[in-house]
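Scroll down for the structure; my scribbles are underneath it.
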Amino acid sequence: MKERPIIFNTPMVKAILEGRKTQTRRLVKPQPKFFKGEAGGHWWRCTHVQSMVRVEEELQNPSEYYKGFIDEVNPFGKKGDRLWVRETFCIGTIEEEDNYQGSPKPLSVHQDGDPKQYPIYKEYCLRDNISIDDVLWKPSIHMPRSASRILLEITKIRIERLNQISSQDAVQEGLLKLPASGRYVVNQGDQYFGAASNNPCEVFKWLWESIYGSSSWELNPWVWVVEFNVIQGGDNE
């Protein structure tokens, strides 16, 4: 079993902790290229084996000879391997606001060099209405293993074109279903800005384009599909 880091933005961290997100799609790098002819198909330059790999034959629908090959060459691991989540965070303390006259006193993040400071997660603060004015957040890429609170276990991994996503899989990407209308959104409140749909694939398209750009869906790239379970994750402690 191996452990590797994986980055999620704050809304997707929230979806993971709420049990809504059990899949993630990540770009295959570099993208496979299509060739015609007898040996045609999509070929991927795989640095792991220092060779060109035929996606359809060796990764997508592998023969018995290539069975398990995808586990060796994808950048995330195989079934049973673990992914520790990197997310937006800061170092500080959470304290009550002494100048507030009411009760309970509101909480806010302080970054004053207290020797007892600890990792604080942006998702946690937003969920618990903790004031984060003027907080100096650290990008998720800079989160060390020791600060990570969420650990995932890979249950399945495959390769496919982005537009192949099914409605069920789109929901498993972390979409939120509105109880009143039955429509789907990425975040609660999106419906008030026209970003709700009965088609979960359409909502996932919006999510994808918010990350990769307005024309990224039409490019229909090859993606790694990583399915996972949460085996460790929780609140600020």
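All residue numbers for the sequence shown refer to the numbering used here, where the first residue is 26 and numbers rise by one.
Just so you know, even glycine gets a beta-carbon here, dropped at the ideal spot from N, CA and C.
C-alpha gap between residue i and residue j, whole angstroms
i: Lys58; j: Asn254; result: 32 Å
i: Phe94; j: Val110; result: 25 Å
i: Gln216; j: Pro225; result: 13 Å
i: Val80; j: Trp69; result: 7 Å
i: Gly238; j: Ile145; result: 29 Å
i: Gln136; j: Asp123; result: 16 Å
i: Glu252; j: Ser133; result: 35 Å
i: Ile175; j: Gln257; result: 5 Å
i: Phe229; j: Arg51; result: 13 Å
i: Pro204; j: Asn223; result: 12 Å
i: Ile155; j: Pro131; result: 7 Å
i: Ile182; j: Met26; result: 15 Å
i: Asp159; j: Gly102; result: 38 Å
Where residue i falls: helix, strand or coil (DSSP)
i: Leu42; result: helix
i: Arg47; result: The sequence given here has Thr at residue 47, not Arg. Coil at Thr47, not helix or strand.
i: Phe218; result: helix
i: Glu63; result: coil
i: Glu262; result: Low confidence applies to Glu262: its pLDDT is 41, below 50, so where it sits in the model is not reliable, and the reading given next is rough at best. Coil, per DSSP.
i: Leu244; result: coil
i: Val228; result: helix
i: Pro30; result: strand
i: Ser239; result: coil
Residue environment, residue i, which counts as buried when at least 16 other CB atoms sit within 10 Å
i: Pro100; result: exposed
i: Tyr209; result: buried
i: Ala40; result: buried
i: Ser173; result: buried
i: Lys104; result: exposed
i: Gln189; result: exposed
i: Tyr149; result: buried
Rounded distance between the beta-carbons of residue j and residue i, thought under 8 Å
i: Leu108; j: Ile179; result: 7 Å
i: Trp242; j: Glu234; result: 6 Å
Please list the segments of the beta strand (DSSP E) lying wholly inside the region 80-141, counting only runs of 3 or more residues, in order along the chain.
-> Complete beta strand (DSSP E) runs here, min 3: 107-111, 114-121, 132-135.
Which residue spans inside the region 139-216 form an unbroken beta strand (DSSP E) run of at least 3?
-> Qualifying beta strand (DSSP E) stretches, in chain order: 143-146, 176-186.
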